[in-house]
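K.L.:
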Amino acid sequence: MNKTIRRASVFALLLVLALLVRATWVQFYDGKALADDTDNRRNAIETYAGPLGNIVVAGDSITGSAQTTGGDLAYKRTYTDGRLYAAVTGYASQSYAPTQLEGIYQDLLNGTDSRLKTVMDTVTGERADPGDVVTTIDPAVQKAAYDALGGKKGGAVAIDPKTGRILAAVSTPSYDPSSLTDANTAGAAWKRLNADSDKPLTNRALRQPLPPGSTFKLVVAAAALEDGLYGNVDEHTVSPDPYTLPGSTKVLANENRSAPCENATIRVALRYSCNNVFAKMAVDLGQDKVRAMAEKFGFDDDKLDVPVRAYTSVYPSDMDKAQTALSGIGQFDVTATPLQMAMVSAAIANGGKLVSPHMVAQITDSGGDVLKNYDDSTDTKEIVSSSTAEQLRSAMETVVNDGTGTNARIAGVTVGGKTGTAQHGENNSKTPYAWFTSYGKSDSTGKEVAVAVMVEQSDAARSEVSGNGLAAPVARAMMKAALT
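Right, dumping it as structure tokens:
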């Protein structure tokens, strides 16, 4: 072989090797990126080639699949009572990334989860039959919250304190997820929903932290009792009224100017929602001790998954004493979701122990066999002692029986609660947020529930906005549905 032919052969061999290297690179490195690309139409075609698995509430599917007419996507997602359950399900869309449970369990619901594959599926490479997501939601409690919130803008959560099961997660105004499922109509619906000033796509139950107002006083009271600052809820505090914020000339007023708030006990201070008591208490404890208690309840946790990732509820840091005082009444930069405040009441109701909240009981394969049982894998943390929890329950019951939370009373149910009216806007210029967090225990069955309700906006006059007036009736409806 002459030199020219030999060189040409080597060059040709190098070209073949380069081609093989490039093909291998594309197949094993770029392949996954190309397959996962949102612009890859084949993914959508494969996802909607058959019916999806379902999300289940109390044994009934609240989702389904319907055949489409025309186009290359054979099926689309459907919803039963979509507006009622939107804060739970989210949406599965032919045009947009799935959200909430639809997004978290996308692989299970479309059959690509490796746990669904049989031996034959592995051999043939066929997609497995999709699985189902079984929720903890109680339809009666969910509907009670949705109906009671009505035209108000707000969110509500109910939890079983003993199991951590989320019985309701409601956000209003809601939206119909079915409007986003079909590629032919999803674009217009998406624009309309995002242009809506009421932000119906926002999950106010889990993902919109706002100032919790006086409901946060429960956290401060818990810190004071656990620290030993006060021995019990009936010991008089050192709380001047009026109370001037440290380092300033600003006087912190109480909503009820005639309430007996000077040096009031924790019980009386919760009953009348005395700002001076809890502002002074937060300063006496110091922000670090208040923060430590808040974080035990779940504040500042940026990985709170239920399994939907909840937005972080925040207790701020690096405050001066005046800011610390305002944090003691749930103002300054303190924020919380309804989920977080329901967790506070749940821990108090459960003897000081918080069972990790979750709204999925189990996931199953197409035959109903359980792939994972979330009720068996919950964590329990001691937040406060049983003695402190008992003290707080007693004081919260006073709030409902004789204080600011009378609209939460239920015959045959022991109810404890705390109202909150959080300032909003510069110099409180905007309509306040109305809060109520509570627990209820059936006197006949012993069954329990903890709830939190936040009303962000309503058609009530500003002077009529209060936790007892707007939020407590919603909580009452939820507790009644859960317990009676």
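Under this note's numbering, the letters of the sequence shown match residues 158 to 641, in that order.
We put the CB at the ideal spot given by N, CA and C, even for glycine.
For clarity, every value in this text was computed on a predicted model and none was experimentally measured.
1) Would you mind working out which of R550, G577 and T571 sits nearest T561, comparing C-alpha positions?
2) Rounded to a whole number of angstroms, what is the C-alpha to C-alpha distance between S250 and R234?
3) Let's test the definition: count the other Cβ atoms within 10 Å of the Cβ of L170 and tell me whether it reaches 16, buried, or not, exposed.
4) Thinking C-alpha only, which one of T641, V541 and S534 is nearest V570?
5) Do we get a CB-CB distance below 8 Å when we pair L427 with the residues of chain C?
6) Apart from the five residues just before and just after I294, which ones in its own chain have a Cβ nearer than 8 Å to its Cβ?
7) Is the distance from the Cβ of S474 to the Cβ of T494 below 8 Å?
8) Can you tell me whether DSSP reads P334 as helix, strand or coil?
9) Can you grab the Cα-Cα spacing for the pair V608 / E283, in whole Å?
10) Nearest CA to the CA of T401: which residue from D600, A410 and T394?
11) For E643, which beta-bridge partners are listed by DSSP?
12) CB of K529 to nearest heavy atom of the ligand FMN: below 7 Å?
13) Rounded to the nearest angstrom, what separates T275 and G525 at their Cα positions?
14) Under the three-state reduction of DSSP, which class applies to F168: helix, strand or coil?
15) Under three-state DSSP, which class holds F657?
16) Using the three-state DSSP reduction, which class does A639 fall into: helix, strand or coil?
17) Compute the Euclidean distance between the alpha carbons of V178 and L172, then round it to the nearest angstrom.
18) Which of the three DSSP states is assigned to S523 in this structure?
19) Report yes if the C-beta distance between V612 and Y596 is below 8 Å; otherwise report no.
20) Near Y429, which residues of its chain fall below 8 Å by C-beta distance, leaving aside the five closest residues on each side in sequence?
21) Closest by CA to L209, which one among Y262, S542 and N507?
22) Taking its Cβ as the centre, do 16 or more other Cβ atoms sit within 10 Å of E539, making it buried, or is it exposed?
P.N.:
Once the coordinates are examined:
1) G577
2) 7 Å
3) exposed
4) T641
5) Absence of chain C from the displayed structure is noted, only one protein chain being present.
6) V214, A215, Y242, V245, I323, L324, A325, A326 and M516
7) no
8) helix
9) 45 Å
10) A410
11) Absent from the structure is residue 643, since the part of the chain shown begins at 158 and ends at 641.
12) With respect to small molecules bound, the structure shown includes none, and the ligand FMN cannot be examined in it.
13) 14 Å
14) helix
15) The structure shown does not extend to residue 657, since the chain is modelled only from 158 to 641, so the question has no answer here.
16) helix
17) 10 Å
18) coil
19) no
20) N411, N413, A416, P417, C418, A421, G560 and T561
21) Y262
22) exposed
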